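Residue numbers (this note's numbering): 4 to 338.
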């Protein structure tokens, strides 16, 4: 640590790291972006120079061996999440790993064998954003009445054959890339686990990945989550939390712009067409900086880690069940 701050190393120069997470670390209260690694020394040096990072390494192994690095952010392609996370923990580092934590639950369960004195968490920045926190406070307050249904839609358009999201061997497809956020919303706002799921998947005939996945999850007690995610539809995202008295709309639930205010819409439905909707403005923040601080305070012992390896494994079990339901053509219980 340096002046009480966590020194972060970033494995790879992935776009999300360069544009989102590294700036988030630099804006955080607890962290310093101290090093970046790439398989190319030139690429690593260029990224470090562009982002104002002190150290650049031409291999991931060199970064993991640096004794001055406290924590690793792992934004590598999905198939490298577990292997590199294991390497980092074995090198004595805490790890914040980009979602999804693994390709499936069985792979994720390898993380249970890691030393418990090093923290590992899945990088769902949305749970650190004040709009999700405020939305859950509203649900808990009873203002919506009973929360009974969550509807979630998340899409973008990407038909680049070289993009990792279109490569099945690297864990591509809509469900692993963005469907994980929609099912996470059910766990977060219902504060419960889904019991069973039924799903429908449309796969790209050329890429082989799921380009559109829809699912319904039964959370028990008459509570349902349904979602559609797609990598080949008009870009859009919106979550609706439907209660017996009011609904709450999260307008930009996942990609909330860094440093900008975002709206929540609360509506009792008394005037159709959103005529009775009230807008609640969530002040500007950087959800990646917020996540870094949640993880950083857990490393320093200031606060417990709210979501660790067990939570990440549960996420993968749910995603596995969505795939299994589509293959089966019917309901699948989530163990």
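The C-beta atom is built at its ideal place from N, Cα and C for all residues, glycine as well.
None of these values were measured; they are calculated from a predicted model.
Which same chain residues end up closer than 7 Å to residue 255 when comparing Cβ atoms and leaving out the 5 residues on each side of it in sequence?
Excluding positions up to five away in sequence, the list reads 240 and 265.
Return helix, strand or coil for residue 16, following the three-state DSSP convention.
Coil.
Just verifying my parser: in three-state terms, what is the DSSP assignment at residue 226?
It is coil, neither helix nor strand.
Helix, strand or coil: how does DSSP classify residue 43 here?
Three-state result, residue 43: coil.
Option in 136, 90 and 184 with minimal Cα separation from residue 114
Selected option, being the one with the closest Cα: 90.
DSSP three-state assignment for residue 48, whether helix, strand or coil
Three-state result, residue 48: helix.
May I ask you to verify whether the region 99–110 touches the region 314–322, counting CB pairs closer than 8 Å and requiring at least 3?
Contact holds between the region 99–110 and the region 314–322, because three or more Cβ pairs, one in each stretch, are under 8 Å apart.
Cβ-Cβ distance between residue 228 and residue 155 below 9 Å
Going by C-beta atoms, residue 228 is nearer than 9 Å to residue 155.
In this structure, how does DSSP classify residue 82 when only helix, strand and coil are distinguished?
If DSSP states are grouped into helix, strand and coil, residue 82 belongs with the helices.
Need the endpoints of the alpha helix (DSSP H) that residue 284 sits in, please.
Following the DSSP letters along the chain, one finds residue 284 in no alpha helix (DSSP H) but inside the beta strand (DSSP E) bounded by residues 281–288.
What are the boundary residues of the beta strand (DSSP E) that includes residue 266?
Residues 263–270.
Which first and last residues belong to the alpha helix (DSSP H) in which residue 144 is found?
For residue 144, the enclosing alpha helix (DSSP H) starts and ends at 133–144.
Which residues in the same chain as residue 46 place their Cβ atom closer than 8 Å to its Cβ, once the five residues preceding and following it in sequence are excluded?
Counting only Cβ-Cβ distances below 8 Å, and skipping sequence neighbours, we find 16.
3 or more residues per run - each beta strand (DSSP E) lying fully within the region 184–224:
Assignment of beta strand (DSSP E) within the region 184–224, counting only whole runs of 3 or more residues, yields 199–206 and 213–221 in chain order.
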